[in-house]
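Participant: Each residue of the sequence shown is one higher than the one before, starting from 1 at the first, in the UniProt record's numbering.
Yeah, the Cβ is synthetic: ideal placement off N, Cα and C, and Gly gets one too.
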Amino acid sequence: MIGGGTAGNGLAVLLRRAGIDVDLVEAKPDWNVSGSGITLQGNALRALREIGVWERVRESGFAFDSVGLTAPDGTVLHVARDVRTGGEDLPATVGMQRPRLQEILIDAVRASGANVRLGTTVTALRGDADGVDAEFSDGTSGRYDLVVGADGISSATRAMIGIEERPEPTGMAIWRTPAPRPAGVERTDLTYGGAAYIAGYCPTGPDTVYAYLVEPKRDRATIDPAGYAEEMRRLAAGYGGHWEQIAASLTDPAQVNYTWFDRHLVEGPWHRGRVVLVGDAAHACPPTLAQGAAMSLEDALVLAELLTSADEFDEQLLADYRARRLPRVRMVVENSCQLGQWLMDGVRDADVPGLMARTSAVLKELP
Numbered sequence: 001m002i003g004g005g006t007a008g009n010g011l012a013v014l015l016r017r018a019g020i021d022v023d024l025v026e027a028k029p030d031w032n033v034s035g036s037g038i039t040l041q042g043n044a045l046r047a048l049r050e051i052g053v054w055e056r057v058r059e060s061g062f063a064f065d066s067v068g069l070t071a072p073d074g075t076v077l078h079v080a081r082d083v084r085t086g087g088e089d090l091p092a093t094v095g096m097q098r099p100r101l102q103e104i105l106i107d108a109v110r111a112s113g114a115n116v117r118l119g120t121t122v123t124a125l126r127g128d129a130d131g132v133d134a135e136f137s138d139g140t141s142g143r144y145d146l147v148v149g150a151d152g153i154s155s156a157t158r159a160m161i162g163i164e165e166r167p168e169p170t171g172m173a174i175w176r177t178p179a180p181r182p183a184g185v186e187r188t189d190l191t192y193g194g195a196a197y198i199a200g201y202c203p204t205g206p207d208t209v210y211a212y213l214v215e216p217k218r219d220r221a222t223i224d225p226a227g228y229a230e231e232m233r234r235l236a237a238g239y240g241g242h243w244e245q246i247a248a249s250l251t252d253p254a255q256v257n258y259t260w261f262d263r264h265l266v267e268g269p270w271h272r273g274r275v276v277l278v279g280d281a282a283h284a285c286p287p288t289l290a291q292g293a294a295m296s297l298e299d300a301l302v303l304a305e306l307l308t309s310a311d312e313f314d315e316q317l318l319a320d321y322r323a324r325r326l327p328r329v330r331m332v333v334e335n336s337c338q339l340g341q342w343l344m345d346g347v348r349d350a351d352v353p354g355l356m357a358r359t360s361a362v363l364k365e366l367p
């Protein structure tokens, strides 16, 4: 397993549960315990339950079943009940701190008995009909029946096996940060328009929120990271209500992240020989539908199901994995991008409710 993020960790746990040996290599020495917040929709929670960590996620996050639409001044315009895409026995959404989710998955990987190597990368892969020889940055090597590239949107594995598709910017960018939770914030509230395309926040625990502002992308080289907090405060000043307290808390630039939105979908095969991609290495989309982690977790579920029920890891199995995942992933990527495009184009009569309802209806189905 190359990469110890959401997809790689989840898949490692599922494979170990079936008695399959797993070596997990992760480039970052700290196992990438970083980030601000994450919004987990019901279908992501369903996958986390299958992985065996739902109870800990529930204890660590903030569950809710509605979403609010507000005016830039903070006036609540509409509150809608959200769809429970993971089933009626799970909440529609759980917000949580992203580092906490990573810690929970890390604990599950360690408990599974997987062999974990941190601060290590793969430098070469050579496959044949029976397996893959891998060379590592620490000078060691190994032979494997299957190699899974779960190393994210900038996947070195994808490039190493000759898949040429690369992420493309959509034209939007996001400022995001953790912040203290204002009293009364008990769901995601979204403002469309004002100083930014989208201003939103999501409760991530008893005392915290994940706040974000979406704007046209800028040249990142022109923005001094030391001024990130000041710049996000400036943008947030265009919003009232709970944003006033959130903006006042933005003092540490190291807590603020600025990232472009990218679109990515590998249209051809997701594997070469016995090397296969999962999660953001194969597909990624703007977080306008909050489905990035969910799609990665579903990849892990489907690939694990196929691998643990097969007699051998052959190319047909890997082709079946992609065939099963592609229609659902394509829908999420295209619909996520469509929501953003409508905002950039200033389309005021866009069928946002219809698009979201159609998407949720599909996501309620098992992957």
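Which same chain residues, not among the five before or five after residue 104, have their C-beta less than 7 Å away from its C-beta?
Facilitator: By one-based count along the sequence shown, residue 104 stands at place 104. Result list for residue 104: 53, 56, 57, 60, in chain order.
Participant: To the nearest angstrom, how far is it from the Cα of residue 223 to the Cα of residue 211?
Facilitator: Translated into positions along the sequence shown, residue 223 becomes position 223. Translated into positions along the sequence shown, residue 211 becomes position 211. So the two alpha carbons sit approximately 20 Å from each other.
Participant: Are residue 298 and residue 108 touching if we call contact CB-CB under 9 Å?
Facilitator: Counting from 1 along the sequence shown, the entry for residue 298 is found at position 298. Counting from 1 along the sequence shown, the entry for residue 108 is found at position 108. No, these two residues do not count as a Cβ contact at 9 Å.
Participant: Is residue 12 buried or exposed, if buried means 16 or more other CB atoms sit within 10 Å of its CB?
Facilitator: Within the sequence shown, the letter at position 12 stands for residue 12. Residue 12 should be labelled buried.
Participant: Across which residues does DSSP place residue 297 in a beta bridge pair?
Facilitator: Taking the first residue of the sequence shown as 1, we reach residue 297 at position 297. The partner list for residue 297 (beta bridge, DSSP) is empty, contrary to what the question assumes.
Participant: For residue 74 versus residue 49, is the C-beta spacing smaller than 9 Å?
Facilitator: Taking the first residue of the sequence shown as position 1, residue 74 is located at position 74. Taking the first residue of the sequence shown as position 1, residue 49 is located at position 49. It is not a contact, given that the beta carbons lie outside the stated cut-off.
Participant: Going by C-alpha distance, which of 221, 34, 237 is nearest residue 195?
Facilitator: Working through the sequence shown from its first residue, we reach residue 195 at position 195. Check the Cα spacing between residue 195 and each of 221, 34, 237: the tightest is with 237.
Participant: So what's residue 279 in DSSP terms, helix, strand or just coil?
Facilitator: To locate residue 279, count along the sequence shown from 1; it is residue 279. Correct three-state label for residue 279: helix.
Participant: Sort out for me which residues DSSP pairs residue 210 with in a bridge.
Facilitator: As a first step, residue 210 is located in the sequence shown; it is residue number 210 there, counting from the start. In the DSSP output, where bridge partners are listed per residue, residue 210 has 178, 202.
Participant: Which residue marks the beginning of the beta strand (DSSP E) containing residue 37, and which one marks its end?
Facilitator: Start at 1 with the first residue of the sequence shown, and residue 37 comes out as number 37. Taken as a continuous stretch (DSSP letters only), the beta strand (DSSP E) holding residue 37 covers 37 to 41.
Participant: What residue does the beta strand (DSSP E) around residue 76 start on, and which one ends it?
Facilitator: Mapped onto the sequence shown, residue 76 falls at position 76. Looking at the DSSP string, the run of the beta strand (DSSP E) that includes residue 76 is 76 to 81.
Participant: Can you confirm whether the region 4 to 24 touches the region 62 to 82 when touching is taken to mean that 3 or more C-beta pairs between the two stretches lie within less than 8 Å?
Facilitator: Judged by pairs of C-beta atoms under 8 Å, the region 62 to 82 does not touch the region 4 to 24, as fewer than three such pairs exist.
Participant: Compute the distance between the beta-carbons of residue 205 and residue 356, then report whether it is under 9 Å.
Facilitator: Residue mapping note: residue 205 aligns to position 205 of the sequence shown, counting from 1. Residue mapping note: residue 356 aligns to position 356 of the sequence shown, counting from 1. Contact: no.
Participant: Which parts of the region 234 to 292 are runs of the alpha helix (DSSP H), unbroken and 4 residues or longer, counting only runs that do not cross its ends?
Facilitator: 243 to 248
Participant: Beta-carbon within less than 6 Å of residue 410's beta-carbon, same chain only, minus the 5 sequence neighbours each way: which residues are those?
Facilitator: The shown model of the chain, from 1 to 367, leaves out residue 410, and the question about it has no answer.
Participant: Go ahead and label residue 322 buried or exposed: buried means 16 or more other beta carbons lie within 10 angstroms of its beta carbon, across all protein chains shown.
Facilitator: Walking along the sequence shown from the start, residue 322 turns up at place 322. Answer is buried; the Cβ neighbour count reaches 16.
Participant: Spell out a yes or no on whether the region 282 to 293 and the region 335 to 349 are touching, meaning 3 or more CB-CB pairs, one atom from each, closer than 8 Å.
Facilitator: yes
Participant: Out of curiosity, what's the CA-to-CA distance linking residue 310 and residue 229?
Facilitator: Counting from one through the sequence shown, the residue named residue 310 turns up at place 310. Counting from one through the sequence shown, the residue named residue 229 turns up at place 229. Near 51 Å, if we compare the C-alpha coordinates of residue 229 and residue 310.
Participant: Run the proximity test for residue 114: is its beta-carbon closer than 8 Å to any non-hydrogen atom belonging to the ligand MG?
Facilitator: Ligands in the displayed structure: none, and consequently the ligand MG is not present.
Participant: Short of 8 Å in beta carbon distance, which residues of its chain neighbour residue 272, apart from the five on each side in sequence? Order them along the chain.
Facilitator: For the purposes of this step, residue 272 is taken as the residue at position 272 of the sequence shown. So the list reads 127, 161, 162, 163, once near-sequence residues are dropped.
Participant: Quick check: what's the CA-CA separation for residue 304 versus residue 275?
Facilitator: Walking along the sequence shown from the start, residue 304 turns up at place 304. Walking along the sequence shown from the start, residue 275 turns up at place 275. One C-alpha to the other measures close to 14 Å.
Participant: Decide if the region 108 to 117 is in contact with the region 2 to 12; the criterion is three or more beta carbon pairs, one per stretch, under 8 Å apart.
Facilitator: yes
Participant: Write down the C-beta distance between residue 43 and residue 294 rounded to the nearest angstrom, noting that I regard them as a contact closer than 8 Å.
Facilitator: Within the sequence shown, residue 43 is the residue found at index 43, counting from 1. Within the sequence shown, residue 294 is the residue found at index 294, counting from 1. About 5 Å separates the two Cβ atoms, so the contact holds.
Participant: Using only alpha-carbon positions, find the residue among 38, 363, 70 that is nearest to residue 193.
Facilitator: The sequence position of residue 193 within the sequence shown is 193, counting from 1. Of the listed residues, the one whose Cα sits closest to residue 193 is 70.
Participant: Out of 89, 180, 139, 301, which one is the CA nearest neighbour of residue 247?
Facilitator: For this step, residue 247 is matched to residue 247 along the sequence shown. Of the candidates 89, 180, 139, 301, the one whose C-alpha sits nearest the C-alpha of residue 247 is 180.
Participant: Within a Cβ cutoff of 8 Å, which residues of the same chain sit near residue 32, ignoring the five residues on either side of it in sequence?
Facilitator: Translated into positions along the sequence shown, residue 32 becomes position 32. Hits under 8 Å: 4, 5, 26, 102.
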